[in-house]
Amino acid sequence: MIGTMKKYFATWPKGQRPLIDCATQQTGKRLGAHTEHIDEKHFELCTRETRDLKFDIMLEIKDNEQSAIIAVPYTARERVRSQPVDIDPGNYRYIYENAQHLQNEANERKRKRAEKKKLPMLMTTKKIVN
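Take the sequence shown: its letters are residues 1 to 130, numbered as in UniProt numbering.
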């Protein structure tokens with residue numbers, strides 16, 4: 001894998017950092033279908049094996065932000081070697097597990113605010129009709 005990546009990087013425009021899509025194949029789905037969530041073992045292995053290469057990573061995952069939160073500690077641990085980095089992916093677990101719930105709550109609050117704004121208009125319309 002490293003040899004192929006080095007050949008690929010050599011074709012990249014000078015002065016730009018190469019960009020790699022990182023994805024895990026969804027089991028039982030068509031070829032190229034990505035998993036819903038980051039495969040932590042797969043991602044950790046990938047970052048460890050490629051730690052000496054310089055490139056940007058784009059996660060090809062359906063729950064983008066939640067998986068990015070999990071990916072950060074793995075990437076930091078493998079790539080920052082000038083100083084000790086003590087980042088435990090477990091510390092990010094709460095954010096990861098609750099991100100969708102928090103997003104749903106925010107969407108519900110937005111929906112309720114929008115409903116409140118529409119209600120007076122609807123009531124006014126009914127009064128005019130009567």
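Every residue gets a Cβ at the ideal spot worked out from N, C-alpha and C, and that includes glycine.
Assigned with DSSP and collapsed to three states, leucine 19 falls in strand. Closest in C-alpha terms to leucine 45, from the list Arg111, Glu65 and Ile2, comes Ile2.
Put simply, the region 60 to 71 touches the region 22 to 39. At least three CB pairs are less than 8 Å apart. Look at histidine 34 here: in three-state DSSP terms it is strand. Residue environment analysis places threonine 24 among the buried positions, since at least 16 neighbouring C-beta atoms fall within 10 angstroms of its C-beta. DSSP, read as helix, strand or coil, puts leucine 59 in strand.
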